[in-house]
Amino acid sequence: MNDTPLAAGPHNRARSPHAVVVGAGLGGLAAAVRLLAQGMKVTVLESQAHPGGRATRIQDGGYTFDAGPSLITMPEVIEELFSLAGTTTERELRLHALDPFYRISWEGDDRTFLFSGNRDAMLEEIGRFNPSDRARYDAFLAASRRIHEEAILVAGNQSFLRLSDFLALVPKMVRLGALRTVDGFVARYFRDPLVRQAFDFHPLFIGGAPFRVPAVYAALAYLQIAGGVWYAEGGLYSLVEALARLVQTGGELCCNRPVVRILHDGMRVRGVQTADGGMIGADYVVSNGDAVTTQLLLGRRAPQSRLTMSCYLLYLGTNREFPQLQHHTLLVGRDYRGFIRDVAVDGRIPESLSLYLHAPSRTERAMAAPGGESISVLLPVPNLSHGHDWEMLAPMMRERVIDILEAEEGLGLRGLRDSIVVERAWTPLDFRDRFGAAEGNAFGPEPTLFQSAYFRQPNRDRRLRGLYYVGAGTHPGAGIPGVLMTAAVTTGLMREETVER
Ligand SMILES: Cc1cc2nc3c(=O)[nH]c(=O)nc-3n(C[C@H](O)[C@H](O)[C@H](O)COP(=O)(O)OP(=O)(O)OC[C@H]3O[C@@H](n4cnc5c(N)ncnc54)[C@H](O)[C@@H]3O)c2cc1C
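Numbering (my numbering), first residue to last: 57 to 557.
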């Protein structure tokens with residue numbers, strides 16, 4: 057993108073176009089930073105008390121939890137954003153490369169897989185499961201690198217406003233094998249079922265079921281291997297704080313200001329109305345809100361999209377350390393396929409649970425009270441469209457999750473239940489009530505082929521001039537790099553419109 061570094065403060069933006077950004081999630085903050093760099097006057101309105109959206113933070117009794125995302129990948133996307141604001145990642149954040157990235161454990165199986173970016177270490181890990189799969193690792197990397205370059209780096213930075221843009225991409229994606237499912241793609245390289253799981257679970261980080269989403273998302277494993285998995289000191293929320301600081305330097309960031317209507321005259325947006333009755337005029341409105349609820353703010357009918365799964369999350373502060381625990385752990389349940397089918401297809405409370413654990417105190421002691429751990433546990437669950445009663449399910453789910461964690465010898469979490477001194481839980485109801493997420497979805501519209509690129513909510517509204525979208529609901533989609541890239545695509549289109557006006 058060709059934005060110039062942030063130079064103008066609020067004082068000399070008086071005659072610049074005014075953009076109102078609805079929502080201060082990572083997508084909204086990134087868009088605001090870019091629009092400031094383009095010289096616009098920017099106001100960000102956030103309904104919550106703090107910026108960050110799903111990337112929020114919980115602090116209690118000396119324990120800090122990243123409530124949502126925890127793995128940082130593609131740090132170059134963050135670096136680009138900072139450089140537009142005239143700063144650097146080094147000045148704003150303390151990033152640490154994790155090695156290994158995470159441990160994968162299987163319920164009832166002693167074996168573990170340490171996933172990392174080190175080729176020799178990865179060959180050794182694969183070889184312990186299946187010697188013949190070892191020989192296929194380089195071929196897998198080469199194929200997924202091509203997908204990463206074409207589908208993520210090229211197509212991810214392009215807007216798909218016309219169907220022809222999408223159709224032009226299809227032959228290339230077919231050639232790359234990127235249109236089969238992630239699971240099908242991985243199965244071409246690895247025979248061992250556990251090795252396959254180690255390389256195909258990555259789309260779950262953005263709510264994609266590996267058996268349903270296109271192999272474009274196989275690039276998620278590659279981009280970790282090639283670019284590393286990073287941790288920001290203080291937790292992921294340090295990134296939110298850094299972006300919020302930059303927005304406040306040149307623009308306005310107002311929390312506790314829910315937008316209840318996007319105002320327009322049928323042709324062009326005119327501004328927004330906030331819940332306190334205030335009207336704010338704007339040349340541009342950029343919605344970072346949930347794709348479905350944004351349409352309701354316009355007085356339109358909710359679009360018919362299939363939304364991702366939700367999550368049940370447990371945040372646990374313990375009064376003792378668990379030195380065996382890794383910073384990131386994936387515990388795959390006995391029936392991985394059944395688990396994903398239950399959660400992503402049939403909408404059932406799964407019988408077999410697969411869990412992801414984040415324990416930042418393993419890397420940074422200050423994330424927990426002295427002598428303790430800060431542990432977040434993420435369990436994908438069906439979204440609210442399947443009618444489950446989370447008031448009733450939550451206590452039961454807590455017991456199931458802690459039982460499983462304590463029982464798994466390899467995790468070293470025996471005694472977890474008795475060590476808990478701080479505890480919070482989020483259910484799909486939290487996603488609905490905190491972030492206005494339709495059906496309590498955790499990751500936006502499901503990233504299937506026919507909900508991607510042209511078929512996803514466009515970065516620019518197809519009917520109303522001046523209305524734009526950023527964040528997980530639009531192209532290229534969810535995940536930290538994904539939503540930061542949506543901001544690049546969207547603000548690029550806005551710059552074109554500004555030049556035309
Ligand atoms: C549990 C979990 C774990 C994850 N783990 C990872 C990970 O490890 N790595 C990774 O890269 N990605 C991860 N992700 C995905 C990533 O967190 C999200 O894709 C990203 O944070 C979404 O950002 P966003 O800007 O699209 O939206 P959001 O974070 O949803 O922000 C939207 C904001 O808009 C506000 N808003 C909505 N409507 C209004 C309104 N009417 N008025 C004012 N404000 C409004 C909301 O309050 C919210 O603050 C994870 C997601 C979840 C849920």
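Glycine is no exception: its CB is placed at the ideal position from the N, C-alpha and C atoms.
- If you draw a 10 Å sphere on the C-beta of Phe378, you find 16 or more other C-beta atoms in it, and that means buried.
- The C-beta of Glu206 has 16 or more other C-beta atoms within 10 Å across all chains shown, which makes the residue buried.
- Assigned with DSSP and collapsed to three states, Arg110 falls in coil, not helix or strand.
- Here Glu163 is not near Ile396, since their CB atoms are 8 Å or more apart.
- The residue among Val328, Val89, Gly118, Leu386 with its C-alpha nearest the C-alpha of Gly306 is Val89.
- With 16 or more other CB atoms across the displayed protein chains lying within 10 angstroms of its CB, Ala425 is buried.
- Around the CB of Leu223, fewer than 16 other CB atoms lie within 10 Å, so the residue is classed as exposed.
- Residue side-chain check: Gly81 places its Cβ nearer than 7 Å to a non-hydrogen atom of ligand 1.
- The Cβ neighbour count for Asn497, taken over all protein chains shown within 10 Å, is at least 16; the residue is labelled buried.
- In the displayed model, Gly337 falls within a strand according to three-state DSSP.
- Per DSSP, the unbroken alpha helix (DSSP H) holding Glu556 starts and ends at 536 to 556.
- Taking the CA atoms as reference points, Pro125 sits about 6 Å from Ala111.
- Looking at the backbone, the Cα of Asp321 and that of Asn312 are separated by about 27 Å.
- Not a single heavy atom of ligand 1 lies less than 7 Å from the C-beta of Pro484.
- The alpha helix (DSSP H) runs lying completely inside the stretch 331 to 408 and spanning 4 residues or more are 347 to 353, 392 to 396, given in chain order.
- Straight-line measurement puts the Cα of Gly394 at about 17 Å from the Cα of Val251.
- When DSSP states are grouped into helix, strand and coil, Pro436 belongs to the strand group.
- In this structure Gln360 is exposed. Its beta-carbon is surrounded by fewer than 16 other beta-carbon atoms within 10 angstroms.
- In this structure, Tyr193 lies away from Leu170, with their beta-carbon atoms at least 8 Å apart.
- With a threshold of 7 Å, the Cβ atom of Arg110 counts as near ligand 1, since some heavy atom of the ligand is closer than that.
- About 6 Å separates the Cβ atoms of Leu85 and Val303, confirming a contact at the 8 Å cut-off.
- Between the stretch 345 to 361 and the stretch 515 to 529 there are three or more inter-stretch CB-CB distances shorter than 8 Å, so the stretches are counted as touching.
- In this structure, the CA atom of Met335 is about 32 Å from the CA atom of Phe216.
- The stretch 507 to 514 makes contact with the stretch 528 to 538; the number of CB pairs closer than 8 Å reaches 3 or more.
- Check the Cα spacing between Ser172 and each of Phe185, Leu154, Gly471: the tightest is with Leu154.
- Less than 8 Å divides the Cβ of Ala75 from the Cβ of Leu91.
- The beta carbon of Ser410 sits closer than 7 Å to those of Leu387, Val388, Gly389, Tyr392, Phe395, all from its chain and outside the five residues before and after it, given in chain order.
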